[in-house]
Structures are given as C-alpha cells and as structure tokens.
Amino acid sequence: MRYAARIALCLAVLPFAHAAQSGNTQKPTIFPDILSYRLDKAKVNLPHDLEGKLNLLLISFEPEQQKDIETWLPAAQALQHTDFNFRWYRLPVSGHENFIFRWWENSSMRSDETDPETWHWIIPLYVNKEEFRGALQIPNEREVVVLLVDKQGRVLWRNSGSMTPQKRVSLLSAAASHLTPPDSGN
C-alpha cells in the first residue's frame, strides 16, 4: 500500500514540478552585446546605445534580402515619426572579416545609400553568425528577421520575411502595447 501511495503522490506532483521547471528554463531572449560602427562611422555598443525606448531591428544576412527589409521601412519610419520613443535600425549581418573587407563592405553600403541621413540607422554587424543566431533563437539565414526590443535588448516581438498586412497589424499592436502615451498633465 505504501508503494501505491508513493506512485499516486508522484503522479499528482509531476505536472506541477514540470510546469515549475519549464517556467525556469524559458528566459527572455536578449539581444547580445556587440560593439560595432554605424555607417556614419560612430561607434555603437548594442543594445545599450539603441536610442529608442522601443527599437525595431531589421536583420538581414544576405544582400539579396534588402528588398524584404524595404517592405518594413514604411511602417518603421511612420512609427518613428509619430513617437519619439520608437527607433528603427537596419542590421546587415556578416561573418567576422578582416579590416579591409569590413571597410570595403561599409563603403559599398554608403555608396548604395545615397542619403547620408540614413547612415545613422544602419549598423553593419561582423560577428560569429552561428552564435548570433543562437543567442536570438534565429533558426537560419534564409529570410530577414524583425525584432522589437526594449532599451535593455529584451526581445518583445519577432517576425520574419517580408511584411504582409497581417504582420503590419501585429507590429503596430505590439508597438502600441509597449509605448506609453505622453503625459497629458492631468
């Protein structure tokens, strides 16, 4: 009888123990610390130097993915113009490369982006791509990844691929839920 009681007790407690254990293992995804330079040549320490309370990170892995990044820009720019707590950044990701390659890539990006005002919002990352993807739970490099992060780099929302009407609604909803309206003085 004692054996049966122990089994019954274990079966009763097991679901709670599993729930507590899985709750402990699910940590929020945090953007990794990376030192880089924007296209305007200013040094930036990500995520700490992100300027917004809320930041939209448009991450690409291949030059051909630029067309997908551009589908997100109208919504990103509209949000940035309507709320000063929101900022967006383009983060083209490449593997660790030597100084000459990085200089060449950055110079090429500057020549592609003819408006120097946009250089502030483009931060090329030269990182171990596998570690970077692992830290952000990005399964592969086949499509662009879009992350909404707070000032500490906590990922609050994510999506991938080109923008669709459903993704736009989802982004706007996520941004609205994390941005607080300005104090009206009442």
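Sequence positions in the sequence shown follow this note's numbering and run -9 to 176. Glycine included, every Cβ here is placed at the ideal spot set by N, Cα and C.
Minimum C-alpha distance to residue i - residue among the options
i	options	result
Lys43	Arg148, Lys119 and Asn75	Asn75
Asn35	His86, Ala164 and Gln142	Gln142
Pro53	Glu95, Glu121 and Ala166	Glu95
Glu103	Val159, Glu133, Leu69 and Gln56	Gln56
Tyr27	Val83, Met153 and Leu169	Val83
Leu64	Thr154, Ala125 and Tyr116	Here residue 64 is Pro; the residue named in the question, Leu, does not match the sequence. Looking at the Cα atoms, Thr154 is the closest of the given residues.
Leu162	His38, Ala125, Gln67 and Ser98	Gln67
Leu146	Ser167, Glu133 and Phe122	Ser167
His38	Ile49, Leu25 and Ala32	Leu25
Under the three-state DSSP convention, the category residue i falls into
i	result
Lys57	helix
Pro82	strand
Gly143	coil
Ser98	helix
Leu48	strand
Asn14	In this prediction, Asn14 has a pLDDT of 43, which is less than 50 and means its spatial position is unreliable; what the coordinates show is noted afterwards. Asn14 falls in the helix class under three-state DSSP.
Leu113	Checking the sequence, you will find Ile at residue 113 rather than Leu. The answer is coil: DSSP assigns Ile113 none of H, G, I, E or B.
Ile128	coil
Arg148	strand
Asn34	A small correction: the amino acid at residue 34 is Val; Asn does not occupy that position in the sequence shown. Looking at Val34 - three-state DSSP - the assignment turns out to be strand.
Leu161	helix
Phe234	The question about residue 234 has no answer here: the residues shown for the chain are numbered -9 through 176.
Leu138	strand
Leu25	strand
Whole-Å CB distance - residue i paired with residue j, under 8 angstroms assumed
i	j	result
Thr61	Gln127	Incorrect: roughly 22 angstroms between the Cβ atoms, too far for contact.
Leu69	Ala165	6 angstroms
Beta carbon of residue i nearer than 7 angstroms to that of residue j
i	j	result
Val81	Ile113	Per the sequence shown, residue 81 should be read as Leu rather than Val. Yes, these two residues count as a Cβ contact at 7 angstroms.
His86	Asp30	no
Arg77	Asn118	no
Glu131	Phe51	yes
Ser152	Asp58	yes
Leu47	Tyr79	yes
Ser150	Val139	no
Asp73	Leu169	yes
CB contact check: residue i to chain C, cutoff 7 angstroms
i	result
Arg148	Note that chain C does not occur in the displayed structure, where there is just one protein chain.
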